[in-house]
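Chains as they are written, first to last, in numbering that gives the first Met the number 0: chain A, 0 to 337; chain B, 0 to 337.
2 protein chains.
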Amino acid sequence: MGAKIVIDTLGGDNGAKVCVAGAVEGLKENPDVKLFLTGKKSKLEKLLSEYSYDRKRLEIVDCSEEITCHDAPVEAVRKKKDSSLVVGLNLIKEGKADAFISAGSSGAVLAGGQFVVGRAKGVKRTPLAPLIPTTEGSSLLIDCGANVDAKPEVLVQFAKMGSIYMENILGIKKPRVAIVNIGMEEEKGNALVKATYPLLKACESINFIGSIEAREIPFGGADVILTEAFVGNVILKLYEGLSKMILKEMKRAMTSTFKSKIGALMIKKSIKKTLSTFNASNKGGAPLLGLKGLVVKVHGNSKKEEFISAIQQCKTFVETDVSGKIIAGLTEEGTVTE
Amino acid sequence: MGAKIVIDTLGGDNGAKVCVAGAVEGLKENPDVKLFLTGKKSKLEKLLSEYSYDRKRLEIVDCSEEITCHDAPVEAVRKKKDSSLVVGLNLIKEGKADAFISAGSSGAVLAGGQFVVGRAKGVKRTPLAPLIPTTEGSSLLIDCGANVDAKPEVLVQFAKMGSIYMENILGIKKPRVAIVNIGMEEEKGNALVKATYPLLKACESINFIGSIEAREIPFGGADVILTEAFVGNVILKLYEGLSKMILKEMKRAMTSTFKSKIGALMIKKSIKKTLSTFNASNKGGAPLLGLKGLVVKVHGNSKKEEFISAIQQCKTFVETDVSGKIIAGLTEEGTVTE
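As structure tokens, then:
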């Protein structure tokens, strides 16, 4: 038996329906994967009754509670013990499953990852690290999580984690690490960047190439885009918003006249691949690195496709043992200084 | 006689040629404007000899030095007294001109603005505030300048300056001010945002609407997008890089097959306007607010069009006396606490 993956079916914007559709398809595409669905049993059974699938490889875990984005994350994780999120994370903690996927509240997934699954030994903070599309493929944006106002030594550890991730998951040898900055010169930056820069330069286990200005990020200027979580979150969300806005405006313009409508039909096939490049669903979810188990956050408004991608991604994570390699990498470095 | 505007013809990526072309066109379009060009006299005379223009309204000011982006900004401004930048800024200081435009080193323009022209009374810091394109028109992004790691009370003053700017220059009544954040709830954010939020909420002279997530910025979620300079710079540069990248990829896809090439020709006219929306040149330069005079930074790779826009923009600035109104607005508020 291969990877055992939990899907939290509550908390996402599109309900349990898309989770179930993704799960059934994911089972079909990955014949060695086993899935657990945490959520409302009766609802899940009803949704599943519309599909035929390998019942031995799908297990429903009934939960009486739900954590929503209106709940205060830390409190919700502590109090709602029978929520689909906490129950799912406990399956990871107890070793019954290898990976956990949720489209629920980011704050609750981050808090749950830390409090229920727990940080691995030597890990200072657990960054959320999504892949973002570039003209060269993908770059890892680390950190977009809850670690705002992080310390320099935390960013250095993130750089190491990101490098190990890109080397093992995307097969990039000596991934180029760059720190997000407002200029290319070493003396540029805010207090955090100025303090972190020399530490990165001195770090032998990463391939640090210096600063990256935000305008170079979409052109694949680095494999690991290092930044503290506030800036990372701004970059991730602006990527999302701006892509959406430009494509929307282009579409509107293309269909504004009869002539342009015909033209739009003629280019449709050619631009389809380009448009899908900016579709976050192809990149799977964002792993929360440095935990004792694997936790993956998918977008709140994820559809079936995102869950299929995330299942595939978790399978790769488990098979390559990326979590184990990150811990081993940090330990070898002698950075275990909790 | 109307506005007297200085153009620094050195330091930009495209040389004095584009400055001269823009200046001649700007003179033609604005019959009451007078221009000063600071730079190499012989070179400027040679370039100008190719045009016919109103010689009474254009004056060359010869300079023997140039500040480049390789110079340390503060030192360069102090030492290179006969540079086109410092000579130009001195024309503002001495009251001989009203506004100064430069495509030179951002750092040097910012340093020169503060050291040569000087902050107006009561102004804590001088933000760089460009307009960025949105689906609703434009928003003012404040600050993208050199004030990284700014204090909460500085951001509050920026919010006031930005409001006065948008009300007077774009004619927006009660401009909506939002602070860039990583979530919508009041308790979200990093230390700076958390400390600034209640101060903005308590500030009666602005229309504070709360937090804005980066994904809403391109959709015109606020008129004044308030953030400290590091994040502002990342937003501005990502806007630039991502727009460029998406349009480039779309163009590449559109011309990938014979059929799509024909289609592209058919939509060309319709999408032209949309494409130009993302063209920074239409938005003019970014003013450095809160100085005793008007300083406008245009993009390093500005072409003729950017200089024409900036001349037009400076004329509006001078005619509406936006600098004076900002100072008056801050003074009325009783925020003059230098």
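Think of the CB as a built atom: it goes at the ideal place given N, C-alpha and C, for glycine as much as any other residue.
Self-check item: Interface residues of chain B facing A/D148 [CB-CB closer than 7 Å]
Solution: Locating residue 148 of chain A in the first sequence gives position 149, counting from the first residue. Neighbours of A/D148 on chain B, chain order: N189, A190.
Quiz item: Which residues of chain A have a Cβ atom closer than 7 Å to the Cβ of B/P217, listed in chain order?
Solution: Residue mapping note: residue 217 of chain B aligns to position 218 of the second sequence, counting from 1. Simply G240, L241, M244.
Quiz item: Is the CB of B/F157 under 8 Å away from at least one CB in chain A?
Solution: Taking the second sequence and counting its residues from 1, one reaches residue 157 of chain B at position 158. Closer than 8 Å: no.
Exercise. Sort B/K291, B/A102, B/K250 by Cα distance to B/V17 and report the nearest one.
Key: By 1-based counting over the second sequence, the position of residue 17 of chain B is 18. B/V17 has its Cα closest to that of B/A102, out of B/K291, B/A102, B/K250.
Quiz item: Distance, Cα to Cα, B/S280 vs B/G87?
Solution: In the second sequence, the residue the question calls residue 280 of chain B occupies position 281. In the second sequence, the residue the question calls residue 87 of chain B occupies position 88. At B/S280, the pLDDT of 49 sits below 50, so the modelled position is not reliable; the number obtained from the coordinates is stated separately. Straight-line Cα distance between these residues: approximately 22 Å.
Quiz item: So, is A/D12 buried or exposed, given that buried needs 16 or more other C-beta atoms within 10 angstroms?
Solution: Within the first sequence, numbered from 1, the residue matching residue 12 of chain A stands at position 13. Result: exposed.
Exercise. Give, in chain order, every residue of the region 155-180 of chain A whose Cβ lies closer than 7 Å to some Cβ of chain B.
Key: From the region 155-180 of chain A, only V179 have a Cβ closer than 7 Å to chain B.
Quiz item: Going along chain A in order, which residues have a C-beta closer than 8 Å to the C-beta of B/I141?
Solution: As a position in the second sequence, residue 141 of chain B is number 142, starting the count at 1. What B/I141 touches in chain A: nothing, since even the nearest Cβ is about 15 Å away.
Quiz item: What separation, rounded to the nearest whole angstrom, lies between the Cα atoms of A/Q311 and B/M160?
Solution: The sequence position of residue 311 of chain A within the first sequence is 312, counting from 1. The sequence position of residue 160 of chain B within the second sequence is 161, counting from 1. For A/Q311 and B/M160, the distance between alpha carbons rounds to 50 Å.
Self-check item: From A/V115, A/S104, A/G1, residue whose alpha carbon lies closest to that of A/A71
Solution: Counted from its first residue, the first sequence places residue 71 of chain A at position 72. Nearest option by C-alpha distance: A/S104.
Exercise. Would you tell me roughly how many angstroms separate the C-alpha atoms of A/T336 and A/A285, rounded to the nearest one?
Key: One-based indexing of the first sequence puts residue 336 of chain A at position 337. One-based indexing of the first sequence puts residue 285 of chain A at position 286. Bear in mind that the predicted position of A/T336 carries a pLDDT of just 41, short of 50, making it too unreliable to give a figure here.
Practice problem: Identify every residue that forms a DSSP beta bridge with A/V295. | Solution: Taking the first residue of the first sequence as position 1, residue 295 of chain A is located at position 296. Paired residues: A/I100, A/P286.
Quiz item: How many angstroms separate the CA atom of A/V147 from the CA atom of A/A2?
Solution: Indexing the first sequence from 1 puts residue 147 of chain A at position 148. Indexing the first sequence from 1 puts residue 2 of chain A at position 3. A/V147 and A/A2: Cα-Cα distance of roughly 32 Å.
Quiz item: Which full runs of the beta strand (DSSP E) of 3+ residues lie inside the region 210-238 of chain A, going along the chain?
Solution: Taking only runs of at least 3 residues, the beta strand (DSSP E) segments lying wholly in the region 210-238 of chain A are 223-225.
Quiz item: Per DSSP, what kind of secondary structure is B/S280 in: helix, strand or coil?
Solution: Here residue 280 of chain B corresponds to residue number 281 of the second sequence, with the count starting at 1. Residue placement at B/S280 is flagged as unreliable, the pLDDT there being 49, under the threshold of 50; the coordinate-derived value follows with that caveat. In this structure, B/S280 counts as helix in the three-state DSSP scheme.
Quiz item: Starting from A/G38 and walking both ways along the beta strand (DSSP E), at which residues does that stretch end?
Solution: As a first step, residue 38 of chain A is located in the first sequence; it is residue number 39 there, counting from the start. Per DSSP, A/G38 is one residue of the beta strand (DSSP E) stretching across 33-38.
Exercise. Give the interface partners of A/T273 over in chain B, defined as CB-CB distance under 8 Å, in chain order.
Key: Along the first sequence, one-based indexing puts residue 273 of chain A at 274. Near A/T273 (Cβ distances below 8 Å), the residues of chain B are E248, M249, R251, A252.
Exercise. Could you tell me whether the Cβ atoms of B/V176 and B/L225 are closer together than 8 Å?
Key: Locating residue 176 of chain B in the second sequence gives position 177, counting from the first residue. Locating residue 225 of chain B in the second sequence gives position 226, counting from the first residue. Their beta carbons are under 8 Å apart, which means B/V176 touches B/L225 by this criterion.
Self-check item: Given B/K80 as reference, the closest of B/L109, B/I59, B/S51, B/V115 once Cα atoms are compared
Solution: Indexing the second sequence from 1 puts residue 80 of chain B at position 81. If we check each option's Cα against that of B/K80, B/V115 comes out closest.
Quiz prompt | A/V294 and A/F99 closer than 8 Å at C-beta | solution = Looking up residue 294 of chain A in the first sequence gives position 295. Looking up residue 99 of chain A in the first sequence gives position 100. Yes, Cβ-Cβ distance for A/V294 and A/F99 is below 8 Å.
Quiz item: What whole-angstrom Cβ distance do A/A263 and A/G283 have, given they're in contact under 8 Å?
Solution: Taking the first residue of the first sequence as 1, we reach residue 263 of chain A at position 264. Taking the first residue of the first sequence as 1, we reach residue 283 of chain A at position 284. No, A/A263 and A/G283 are not in contact; Cβ-Cβ is about 30 Å, not under 8 Å.
Quiz prompt | Element boundaries [beta strand (DSSP E), containing B/G136] | solution = Position 137 of the second sequence, counted from the start, is the residue given in the question as residue 136 of chain B. Per DSSP, the unbroken beta strand (DSSP E) holding B/G136 starts and ends at 136-141.
Self-check item: Proximity of B/K340 and B/A119 at Cβ, strictly below 8 Å
Solution: Shown here, chain B extends from 0 to 337; a query on residue 340 of chain B therefore has no answer.
Quiz item: Ordered along the chain, which non-local residues of its own chain (more than five positions away) have a Cβ less than 6 Å from that of B/E64?
Solution: In the second sequence, residue 64 of chain B corresponds to position 65, counting from 1. Once the five neighbours on either side are set aside, the close Cβ partners of B/E64 are K79, D81, S82.
Quiz item: What did DSSP end up calling B/R124 once you bin it into helix, strand or coil?
Solution: In the second sequence, residue 124 of chain B corresponds to position 125, counting from 1. Three-state result, B/R124: coil.
Exercise. Return the first residue and the last residue of the alpha helix (DSSP H) that A/V108 is part of.
Key: For this step, residue 108 of chain A is matched to residue 109 along the first sequence. First-last of the alpha helix (DSSP H) with A/V108: 105-111.
Self-check item: Straight-line Cα distance separating A/A327 from B/E212
Solution: Residue mapping note: residue 212 of chain B aligns to position 213 of the second sequence, counting from 1. Residue mapping note: residue 327 of chain A aligns to position 328 of the first sequence, counting from 1. A/A327 has its alpha-carbon roughly 36 Å from the corresponding atom of B/E212.
Quiz item: Should B/F229 be flagged as near chain A, meaning a C-beta pair shorter than 8 Å?
Solution: For the purposes of this step, residue 229 of chain B is identified with residue 230 of the second sequence, where counting begins at 1. Yes - at least one Cβ of chain A is within 8 Å of the one on B/F229.
Exercise. Determine the extent of the alpha helix (DSSP H) in which B/I168 is found, giving its start and end residues.
Key: Within the second sequence, residue 168 of chain B is the residue found at index 169, counting from 1. Looking at the DSSP string, the run of the alpha helix (DSSP H) that includes B/I168 is 151-168.
Quiz item: Could you give the C-beta distance for A/L288 and A/P126, rounded to a whole number, given that I count them as a contact under 8 Å?
Solution: The count along the first sequence starts at 1 and reaches residue 288 of chain A at position 289. The count along the first sequence starts at 1 and reaches residue 126 of chain A at position 127. Rounded, the Cβ-Cβ distance is 5 Å, consistent with contact.
Exercise. Would you tell me roughly how many angstroms separate the C-alpha atoms of A/R54 and A/M244, rounded to the nearest one?
Key: Within the first sequence, numbered from 1, the residue matching residue 54 of chain A stands at position 55. Within the first sequence, numbered from 1, the residue matching residue 244 of chain A stands at position 245. Near 42 Å, if we compare the C-alpha coordinates of A/M244 and A/R54.
Quiz prompt | Boundaries of the beta strand (DSSP E) in which A/I4 is found, first to last residue | solution = For this step, residue 4 of chain A is matched to residue 5 along the first sequence. Under the DSSP assignment, A/I4 falls in the beta strand (DSSP E) whose first and last residues are 3-7.
Exercise. Taking only beta carbons into account, state which residues of the region 194-223 of chain B come closer than 7 Å to chain A, listed in chain order.
Key: E212, A213, R214, E215, I216, P217, F218
Quiz prompt | Listed by chain order, chain B residues near A/G111 by CB distance under 9 Å | solution = By 1-based counting over the first sequence, the position of residue 111 of chain A is 112. Residues of chain B passing the Cβ test: none, with the nearest at roughly 17 Å.
Quiz item: Is B/I326 helix, strand or coil by DSSP?
Solution: Locating residue 326 of chain B in the second sequence gives position 327, counting from the first residue. When secondary structure is reduced to three states using DSSP, B/I326 falls in the helix class.
Self-check item: Those residues which DSSP pairs with B/P132 across a bridge
Solution: Your numbering for residue 132 of chain B matches position 133 in the second sequence. Beta-bridge pairing links B/P132 to B/S137.
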